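Visitor:
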Amino acid sequence: MRKILTALAASALVVTALGAPTAATAQTASSSATHQAAQHQALLKAAKKGSVVKCAKGSGSHSGRCWKLLKSQIKVVVVEAIPLENKSRHKKANMHCSFSRTVSKSVEVGGSVSSSVEAGVFSVVKVNVEASVHRNVTQSAEQASSAGGDITLRPGESVVCQRTFGHVVARVKQTTWAGSKTESVILKAKIPASLGVRIVD
4 MRKILTALAA SALVVTALGA PTAATAQTAS SSATHQAAQH QALLKAAKKG SVVKCAKGSG
64 SHSGRCWKLL KSQIKVVVVE AIPLENKSRH KKANMHCSFS RTVSKSVEVG GSVSSSVEAG
124 VFSVVKVNVE ASVHRNVTQS AEQASSAGGD ITLRPGESVV CQRTFGHVVA RVKQTTWAGS
184 KTESVILKAK IPASLGVRIV D
């Protein structure tokens with residue numbers, strides 16, 4: 004009988020030992036949830052200050068979505084080029100940059116994203132870069148040709164009429180939460196700034 008009681012006591016100790024981590028696990032989960040809630044509040048507070056964070060309308064402690072600008076860079080690329088050359092050996096030539104197509108550029112966000120996400124990314128970039136950015140930019144062939152103007156070339160001289168696209172390349176962190184679930188993703192975006200014309204020797 005004494006052996007049976009001893010065995011039961013040992014079993015009780017094993018059960019107690021196995022059950023102990025459950026409380027620790029719950030405490031860890033609670034700590035993690037508290038930390039996440041603090042992060043969400045920090046994002047919402049930063050968004051109200053108009054800093055590098057913007058949040059979707061209606062975002063709160065229970066659910067929401069915010070965007071934080073991590074990095075941005077202004078770039079200019081050539082989208083069309085027209086070479087001009089005065090092949091005369093003795094006479095000057097008046098030439099003109101004649102472009103033939105309309106160029107349109109819109110906000111691009113990597114991956115398949117909704118219009119609301121695209122708008123959020125645009126909003127956080129817009130308030131944090133020096134360049135004047137737009138959702139869409141368009142330049143007709145006539146506008147580009149007029150901007151290029153007339154050019155007088157000396158004998159044997161050549162130039163290139165270039166249409167340029169100025170834009171902001173950005174990396175934005177998107178944080179979405181609902182209840183205790185939080186998801187973060189890094190989005191790469193290209194935000195239009197301007198379409199122009201330049202003459203390059």
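Just so we're aligned, residue 4 is where the sequence shown starts under this note's numbering, counting upward by one. No residue lacks a Cβ here, since even glycine has one placed at the ideal position from N, Cα and C. These figures come from a predicted structure and were not determined experimentally.
Take residue 95 as the anchor and find which of 159, 115 and 144 has the nearest alpha-carbon.
Guide: Shortest Cα-Cα distance from residue 95 to any of 159, 115 and 144 involves 159.
Visitor: Can you tell me which of the three DSSP states residue 125 falls into?
Guide: helix
Visitor: Measuring CA to CA, which of 108, 58, 201 and 189 is closest to residue 140?
Guide: 108
Visitor: Rounded C-beta distance between residue 127 and residue 78? I'm assuming under 8 Å.
Guide: So it is not a contact: roughly 18 Å between Cβ atoms.
Visitor: Evaluate the contact criterion for the segment 141-152 versus the segment 56-66: three or more CB pairs, one atom per stretch, below 8 Å.
Guide: no
Visitor: Can you give me the Cβ contacts of residue 75 inside the same chain, cut-off strictly under 6 Å, excluding the 5 residues immediately before and after it?
Guide: 132, 171 and 173
Visitor: Start and end of the alpha helix (DSSP H) containing residue 145?
Guide: 144-151
Visitor: Suppose the cutoff is 8 Å on Cβ atoms and the five residues either side in sequence are ignored; what does the same chain contact list for residue 113 look like?
Guide: 190, 191 and 192
Visitor: The beta strand (DSSP E) that contains residue 166, what's its start and end?
Guide: 161-181
Visitor: Can you tell which of 196, 194, 195 and 177 has the C-alpha that lies nearest to the C-alpha of residue 187?
Guide: 177
Visitor: Starting from residue 99 and walking both ways along the beta strand (DSSP E), at which residues does that stretch end?
Guide: 96-99
Visitor: Can you tell which of 116, 99 and 84 has the C-alpha that lies nearest to the C-alpha of residue 149?
Guide: 99
Visitor: Need the endpoints of the beta strand (DSSP E) that residue 91 sits in, please.
Guide: Counting along the chain, residue 91 sits inside no beta strand (DSSP E), nor does DSSP assign it H or E at all.
Visitor: By how many angstroms is the C-alpha of residue 161 removed from the C-alpha of residue 118?
Guide: If you take the alpha carbons of residue 118 and residue 161, they lie about 45 Å apart.
Visitor: Kindly indicate which three-state DSSP category residue 116 falls into: helix, strand or coil?
Guide: Of the three classes helix, strand and coil, the one that applies to residue 116 here is coil, per DSSP.
Visitor: Have a look at residue 63 and residue 69 and give me their C-alpha separation to the nearest angstrom.
Guide: For residue 63 and residue 69, the distance between alpha carbons rounds to 10 Å.
Visitor: Considering Cα atoms alone, identify which of 135, 55 and 92 is closest to residue 195.
Guide: Ranking the options by Cα distance to residue 195, first place goes to 135.
Visitor: Opposite residue 76 in the DSSP bridges: which residues?
Guide: 172
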